[in-house]
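For reference, each letter of the sequence shown is one residue, going 1 to 238 in full-length UniProt numbering.
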Amino acid sequence: MSTLELHHIGKSYQSVMVLDRIDLHVPPGSRTAIVGPSGSGKTTLLRIIAGFETPDAGKVILQGKAMFDGTTYVPAHKRGIGFVPQDGALFPHFTVAGNIGYGLKGSQRDKERRINELMDMVALDRRLSALWPHEISGGQQQRVALARALAQRPVLMLLDEPFSALDTALRASTRKAVAELLSEANIASILVTHDQTEALSFADQVAVMRAGKLAHVGPPQELYLRPVDEPTATFLGE
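This is the structure:
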C-alpha cells in the first residue's frame, strides 16, 4: 500500500486550469521530488496534499484512508502530515526549544525529553535550545523547522523549497542531511523544487510538472537518460 495516492486531482482558479488530472503514488519511506518551473502548479499540489486547499476533482488517499474524495474532507491538522515551508516560518517570539516543542502534549519533563531527541535527530546542538530564531543561521533555522514538523511523528513530510534561501554549499549539505534523516526515520517525503539538480539528487522518484500536468514520473536515472519528450529533456538538462 502506498503512503500517498493522488487520483485525477484537478484544480482551477476562475477559468485557469492549475492542476489537470494529476495521478501520483508515493511508496512508504520513499523520497519524491516534484520539479517544474514557476507557475507549473507544484506548490498548489503540495497545499492540496497538506489539506490547506481543496481540489475541484479527484481523490487524496493517505495510508488507505480518504483525505478528500468529493464527499470526505479531513482538515490539515488531522492528516498526520508534516509541512516545512520555504522560509521555515519559525515563531519569532519562541525560542528554538519553544518552536520545536510547539503543540507537544504531556508533562514538561516529557516535552523536554522529546525536544532533546528531536534536536539530536536533526543534528542541532542542544546549547541552541534557549536561543531565538534570529540568533541562529539559516541552515539551523531549517533544521528547527524540520524538527518541529517531525515532533508530531508524521506519516508523510512535505517540503516546499526549504533549501532555496541557503547558499550553494549549505544547501547541498543540508539537503543531504535531511534526505538521510528522513530515510533513517522511514518517513515518506515530497520535496517541491524548481532546481533540477536538487530534485535528481534528493529523490528516488522524480515527477516533472509542466503547465499543471505531470509530464514524466520515474526514478531520477530514467528521467535523465530516457526523458519522455523533448521539453522534459530540455528542462532537466538546463
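No residue lacks a Cβ here, since even glycine has one placed at the ideal position from N, Cα and C.
Residue i in three-state terms, based on DSSP
i, result
"Glu-230", "helix"
"Ile-100", "helix"
"Lys-42", "helix"
"Ile-187", "coil"
"Leu-181", "helix"
"Ala-33", "strand"
"Leu-166", "coil"
"Thr-54", "coil"
"Gly-64", "coil"
"Gln-205", "strand"
"Glu-5", "strand"
Cα-Cα separation, residue i to residue j
i, j, result
"Val-16", "Arg-113", "49 Å"
"Arg-127", "Ala-215", "46 Å"
"Asp-125", "Pro-231", "45 Å"
"Ala-165", "Gln-86", "8 Å"
"Val-84", "Asp-229", "32 Å"
"Gln-221", "Ala-233", "12 Å"
"Lys-111", "Tyr-102", "9 Å"
"Lys-42", "Phe-52", "14 Å"
"residue 264", "Leu-19", "This structure cannot settle anything about residue 264, because the visible part of the chain is limited to 1 through 238."
"Pro-37", "Gly-237", "13 Å"
"residue 239", "Asp-23", "The structure shown does not extend to residue 239, since the chain is modelled only from 1 to 238, so the question has no answer here."
"Gly-29", "Leu-200", "17 Å"
"Ala-130", "Gln-142", "17 Å"
"Gly-139", "Gln-196", "21 Å"
"Arg-175", "Glu-135", "22 Å"
"Leu-182", "Met-157", "8 Å"
"Arg-21", "Gly-58", "8 Å"
"Ala-123", "His-194", "27 Å"
"Thr-72", "Val-217", "27 Å"
"Ala-177", "Ala-66", "32 Å"
With 16 other Cβ atoms within 10 Å as the buried cut-off, status of residue i
i, result
"Asn-99", "buried"
"residue 240", "Since the first and last residues shown for the chain are 1 and 238, residue 240 lies out of range."
"Lys-78", "exposed"
"Ser-189", "buried"
"Ala-203", "buried"
"Glu-117", "exposed"
"Gly-70", "exposed"
"Gly-212", "buried"
"Pro-227", "buried"
"Ala-50", "buried"
"Gly-106", "exposed"
"Arg-171", "buried"
Nearest-angstrom beta carbon gap, residue j and residue i [assumed within contact, 8 Å]
i, j, result
"Thr-54", "Val-155", "The pair is not a contact, with the Cβ atoms about 20 Å apart (cut-off 8 Å)."
"Val-63", "Met-1", "Note on identity: in this sequence residue 63 is Gln, with Val being the wrong assignment. Right, the Cβ-Cβ distance comes to about 7 Å (below 8 Å), so this counts as a contact."
"Leu-6", "Val-74", "Not quite, the Cβ-Cβ distance comes to about 15 Å (not below 8 Å), so this is no contact."
"Ala-149", "Gly-82", "3 Å"
"Ile-9", "Leu-46", "11 Å between Cβ atoms; not a contact."
"Trp-132", "Thr-95", "6 Å"
"Ala-33", "Leu-191", "5 Å"
"Pro-198", "Phe-235", "Checking the sequence shown, residue 198 turns out to be Glu, not Pro. Actually they do not touch by this definition, with Cβ atoms about 13 Å apart."
"Arg-31", "Ala-185", "That pair is no contact at about 12 Å."
"residue 248", "Val-206", "One cannot answer for residue 248 here, as it falls past the ends of the chain, which runs 1 to 238."
Neighbour flag for residue i against chain B, beta carbons, 8 Å
i, result
"Gly-138", "Going by chain labels, chain B is absent from the structure shown, which holds only one protein chain."
Residue i CB to nearest heavy atom of the ligand FMN below 7 Å
i, result
"Pro-162", "The model depicted lacks the ligand FMN and carries no ligand whatsoever."
- [ ] Report the residue ranges of all beta strand (DSSP E) runs contained in full by the region 75–157; include only those spanning at least 3 residues, in chain order.
- [x] 81–84
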